[in-house]
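Notes follow the structure.
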Amino acid sequence: METLEAIRTRRSVRSYTSEPIDDADLQKIIEAAASAPSGGNSQSWLFISVCEPKQIARMRAICPGIIGIPSGIIVLCLDFRGQKKEVLPIIKYLDIGAAMQNILLAAHDLGLGGCAIGSFHVEGVKEFLKIPEQVEPVLLIVLGKPRSIPSAPRKKLLQEIYFQESFEKI
Numbered sequence: 001m002e003t004l005e006a007i008r009t010r011r012s013v014r015s016y017t018s019e020p021i022d023d024a025d026l027q028k029i030i031e032a033a034a035s036a037p038s039g040g041n042s043q044s045w046l047f048i049s050v051c052e053p054k055q056i057a058r059m060r061a062i063c064p065g066i067i068g069i070p071s072g073i074i075v076l077c078l079d080f081r082g083q084k085k086e087v088l089p090i091i092k093y094l095d096i097g098a099a100m101q102n103i104l105l106a107a108h109d110l111g112l113g114g115c116a117i118g119s120f121h122v123e124g125v126k127e128f129l130k131i132p133e134q135v136e137p138v139l140l141i142v143l144g145k146p147r148s149i150p151s152a153p154r155k156k157l158l159q160e161i162y163f164q165e166s167f168e169k170i
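Note that full-length UniProt numbering has the sequence shown beginning at 1, numbered continuously upward.
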């Protein structure tokens, strides 16, 4: 799949078949995440995959934002070990966004659907996955073989969001 086509056709998928995610595909998805750019090449991210059905059921119980039953969940974390959390630049959170986009595009390319989830109980996830104190789960991505593909959402027109040379009033 061409990159621009993948960007245009990717959808947030929330309904999945029960087909498991192939280990080789999961590896490719994590490699894509790790290939994302990061400020100062800090690579301050960690990724935890959850693919066992019983583990997914437990995650669903503590993560109200998970709709449907995915075949896999990737937890995107920031690693603050050895750093002072309060002085960490916001760019680290943007790095997680770049990794998220790579995960979603790689999954789409592999015929999987995915959806980023920001609504979850951080402390519950930390306790369940035994995440250390200085590692912060920031985002979840649910994955699976799509049961159906949602239609394209309405997007703003470029002239509403894009200006050349200077800001012009709409």
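From the three backbone atoms N, C-alpha and C, an ideal C-beta is built for every residue, glycine too. What you are looking at is a predicted structure, and each value in this text was computed from that prediction instead of being measured.
> For the alpha helix (DSSP H) that contains D95, what are its first and last residues?
Replying inline: Per DSSP, the continuous alpha helix (DSSP H) segment holding D95 begins and ends at 91 to 109.
> The alpha helix (DSSP H) spanning E5 covers which residue range?
Replying inline: Counting along the chain, E5 sits inside the alpha helix (DSSP H) bounded by residues 3 to 9.
> Short check: CB of A33 to CB of I103, under 9 Å?
Replying inline: Yes, they are a contact pair.
>> By alpha-carbon positions, which one of P153, C51, G39, G111 ends up nearest to L129?
In response: Nearest of P153, C51, G39, G111 to L129, Cα basis: C51.
> Just the Cα atoms here: how many angstroms apart are H108 and C63?
Replying inline: The alpha-carbon atoms of H108 and C63 are separated by roughly 23 Å.
>> Is the separation between the beta-carbon of Q101 and that of A36 shorter than 9 Å?
In response: Going by beta carbons, Q101 and A36 fall inside the 9 Å limit.
>> If you reduce the DSSP assignment to three classes, tell me which class L26 lands in.
In response: Three-state result, L26: helix.
> Rounded to whole angstroms, how far is the Cβ of P70 from the Cβ of G144, which I believe are closer than 8 Å?
Replying inline: 5 Å between Cβ atoms; contact.
>> Please state whether the Cβ-Cβ distance between T17 and R147 is less than 9 Å.
In response: Yes. Within cutoff.
> Run through DSSP, which three-state label would E52 get?
Replying inline: Here E52 sits in coil by DSSP.
>> Could you tell me the alpha carbon to alpha carbon distance between A106 and L26, rounded to whole angstroms?
In response: In this model, A106 and L26 are separated by some 10 Å (Cα to Cα).
>> Taking its Cβ as the centre, do 16 or more other Cβ atoms sit within 10 Å of residue 171, making it buried, or is it exposed?
In response: There is no way to answer for residue 171, as the model of the chain reaches only from 1 to 170.
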